[in-house]
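In structure tokens form, the structure reads like this:
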């Protein structure tokens, strides 16, 4: 194989890899946004008006993201949330480090999926009506 053909093959492989990685990242970010919107729709109160499908979740109230756009923090203390955590898909957030849902009106059990958040360092669910062990 000549050098020109070899160079073209390397470029095609690099472009294909970039497209594959970019597509995987975009799919992951879309899963995070969808998980947040599904949880919002399960709540009895609709206080999260900035959470809209036509806007990146990194701009939503209470949401912080890393440079890649992945959710790292959910900070919604005193947000007037009413509902359960059952419909919150914790497994959609591989980079989540902080959750603060304190002083709301959340009730029910603390889902076992909280225990799958390997990067979680802060979990504040105080001043709610939650029960069960923290996984």
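Numbering (our numbering), first residue to last: 23 to 157.
C-beta atoms are modelled at their ideal positions from N, C-alpha and C, and glycine is treated no differently.
Computed from a prediction, not measured in an experiment: that's the story for all the values here.
Check: In three-state DSSP terms, what is residue 145?; Outcome: strand
Check: According to DSSP, is residue 135 helix, strand or coil?; Outcome: helix
Check: Quick one: what's residue 151 bridged to in DSSP?; Outcome: 129
Check: Counting only the same chain and skipping the five closest in sequence on each side, list residues whose C-beta sits under 7 angstroms from that of residue 83.; Outcome: 70 and 72
Check: Below 6 angstroms CB to CB, which residues in the same chain sit around residue 136 once its five sequence neighbours on both sides are set aside?; Outcome: 112 and 157
Check: Mapping the DSSP letters down to three states, classify residue 48 as helix, strand or coil.; Outcome: With a pLDDT of 49 at residue 48, under the threshold of 50, the modelled position of this residue cannot be trusted; read the value that follows with caution. Reduced to three states, the DSSP call for residue 48 is helix.
Check: If the criterion is Cβ atoms closer than 9 angstroms, does the pair residue 147 and residue 118 meet it?; Outcome: no
Check: Go ahead and label residue 101 buried or exposed: buried means 16 or more other beta carbons lie within 10 angstroms of its beta carbon, across all protein chains shown.; Outcome: buried
Check: Let's test the definition: count the other Cβ atoms within 10 Å of the Cβ of residue 66 and tell me whether it reaches 16, buried, or not, exposed.; Outcome: exposed
Check: Since I believe residue 128 is in contact with residue 152 (beta carbons under 8 angstroms), could you give me their beta-carbon distance rounded to a whole number of angstroms?; Outcome: 6 angstroms
Check: Please report how far the alpha carbon of residue 77 lies from the alpha carbon of residue 85, in whole angstroms.; Outcome: 12 angstroms
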